[in-house]
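Each residue of the sequence shown is one higher than the one before, starting from 394 at the first, in our numbering. We treat Cβ as the ideally placed atom computed from N, Cα and C, and that holds for glycine. It should be emphasised that the depicted structure is a prediction, and the values quoted were computed from it without experimental measurement. Working notes, structure below.
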Amino acid sequence: MNRVYSVGEPMELQENISLAPLTTFQIGGPARFFVEAKSAAEVEGAVRLAQTQALPLFVLGGGSNLVVADEGWPGLVLKVAIVGIDQDSRDWNGKAIFHAGAGESWDRFISKAVAADCAGVECLSGIPGSVGGTPVQNVGAYGQEVSETIESVEVFDLKEKQVHELSNEACGFSYRSSIFNASERGRFIILRVNYALTPGGDPHLAYNDLKHHFEGRESSPDLAEVREAVRHIRARKGMLIVEGDPDCRSAGSFFKNPVLGEEQHLALQKRAAEKKLAIPSYPGLEKNHKVSAGWLVEHSGFSRGYALGRAGISSKHALAIVNRGGATANEVIALKDQVQQRVDEIWGVRLETEPVFVGSSDQGPVVSGQ
Ligand SMILES: Cc1cc2nc3c(=O)[nH]c(=O)nc-3n(C[C@H](O)[C@H](O)[C@H](O)COP(=O)(O)OP(=O)(O)OC[C@H]3O[C@@H](n4cnc5c(N)ncnc54)[C@H](O)[C@@H]3O)c2cc1C
């Protein structure tokens, strides 16, 4: 790696750093400049540098929800590497508060919470990425979402140039959304997340996959068993990062489950009935007419393992676009376009993408006030 000059020791500004190895998709060109910040002060230093040099800023976590353009990022990539997981010794109305650095591995945080016998995040085991990435799209799986346990989020506010603590309500959480990827996109750098978990709480067993896993058992599973079950189910679906498994060279689910209005839902049911099909419904999905995007993709002619050049659909999960080896961002985008177009033609539903597109077509978050 090329060392250019230092931005206030021990932070190192590097130049022309390939972003592909820093993403789970393993796709994308270089960052013109790259810096890793291990503290709030270092984050501020990097922001100052971006502003003085008029560089567009992109904030990188674990790189598990990104499609980085083949051209890379023309400005500064700031990787938030603030670590530390501390359990508050005080009791907060029966909840245990955990303070976790944004740069911590999310799954390591869950393993610590489960080891401390605290419930609330066990179903989110095995989701790749950083703690700081979880509030951004209100990460969720198997009936849990982080919005249910986030107490507050400590951020550096690029607009007001200071550190704030945002309450859960202020984060504006909804399905795969928050102010961080919607109304205030690009304004906040997440430094630390505070989670309120339930000491001695029961694991959440709402989804059929999980219930089936424990079928025939007399005693209820504990948090650690549910965590292991979730990781096991995810591995089967290519939704766990497993060395050597090409199906996890992805950004996870590529499309969100569409939430339809009453009329559109009825129209979809009518199209399904004409094809002698029934739209499947799962707990948590039927609420607000949320429809399975995976089902729509599979019933639009895209079977698991479908390939378009070096991009493809996972052989284990219809919702994941994978890098079959050496794929470019443009190849992924071509497949995405094909899926969206075909689902729209056949079902009259426009699928929305879940990952963040970085560079070229989407310049992503930039430092405010430039
Ligand atoms: C195999 C696989 C399975 C997955 N399964 C799920 C799943 O079940 N449920 C689910 O919800 N997601 C899932 N994902 C998607 C992804 O893991 C999550 O969205 C994750 O939280 C992204 O975190 P990250 O640290 O990798 O963020 P990145 O991918 O690095 O960044 C994503 C976005 O968050 C922003 N960001 C990251 N860190 C910060 C920060 N500190 N401050 C401000 N902005 C920041 C980035 O700028 C970018 O806009 C999966 C991904 C993969 C590859």
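Check: Bounding residues of the beta strand (DSSP E) (the contiguous stretch that carries ASN587); Outcome: 581 to 592
Check: Coil, strand or helix - PRO423 by DSSP; Outcome: strand
Check: Nearest-angstrom Cα separation, counted from GLU515 out to PRO592; Outcome: 13 Å
Check: Opening and closing residue of the beta strand (DSSP E) in which LEU459 lies; Outcome: 459 to 461
Check: Sequence-distant residues of the same chain with beta carbon closer than 7 Å to VAL759, five excluded per side; Outcome: Since pLDDT at VAL759 reaches only 48, below the 50 mark, its modelled position is unreliable, and the value read off the structure follows with that caveat. Excluding positions up to five away in sequence, the list reads PRO449, LEU450 and GLY579.
Check: Where HIS605 sits in the DSSP three-state scheme; Outcome: helix
Check: Cβ-based neighbour list, GLY454, same chain, cut-off 6 Å, excluding 5 preceding and 5 following; Outcome: GLY522, SER523, GLY525 and GLY526
Check: Per-residue DSSP class, three states only, for GLN407; Outcome: strand
Check: Nearest-angstrom Cα separation, counted from ASN531 out to GLU538; Outcome: 6 Å
Check: Nearest to ALA433 (by Cα), restricted to the options GLY496, GLU611 and PHE491; Outcome: GLY496
Check: Bounding residues of the alpha helix (DSSP H) (the contiguous stretch that carries PHE695); Outcome: Taken as a continuous stretch (DSSP letters only), PHE695 belongs to no alpha helix (DSSP H), as it is neither H nor E.
Check: Exposure of LYS552, with buried meaning 16 or more beta-carbon neighbours within 10 Å; Outcome: exposed
Check: Alpha carbon of ILE726 to alpha carbon of ASP638, nearest angstrom; Outcome: 22 Å
Check: GLN530 beta carbon near ligand 1 (any heavy atom closer than 7 Å); Outcome: yes
Check: Per-residue DSSP class, three states only, for GLU747; Outcome: coil
Check: Per-residue DSSP class, three states only, for LEU469; Outcome: strand
Check: 8 Å CB neighbourhood of ILE503 in its chain, flanking five on each side removed; Outcome: VAL514, GLU515, LEU517, SER518 and ARG620
Check: Reference SER507; option with closest CA among HIS597, VAL440, SER567 and GLN446; Outcome: Before going further, note that residue 507 is Val rather than Ser in the sequence given. It is HIS597.
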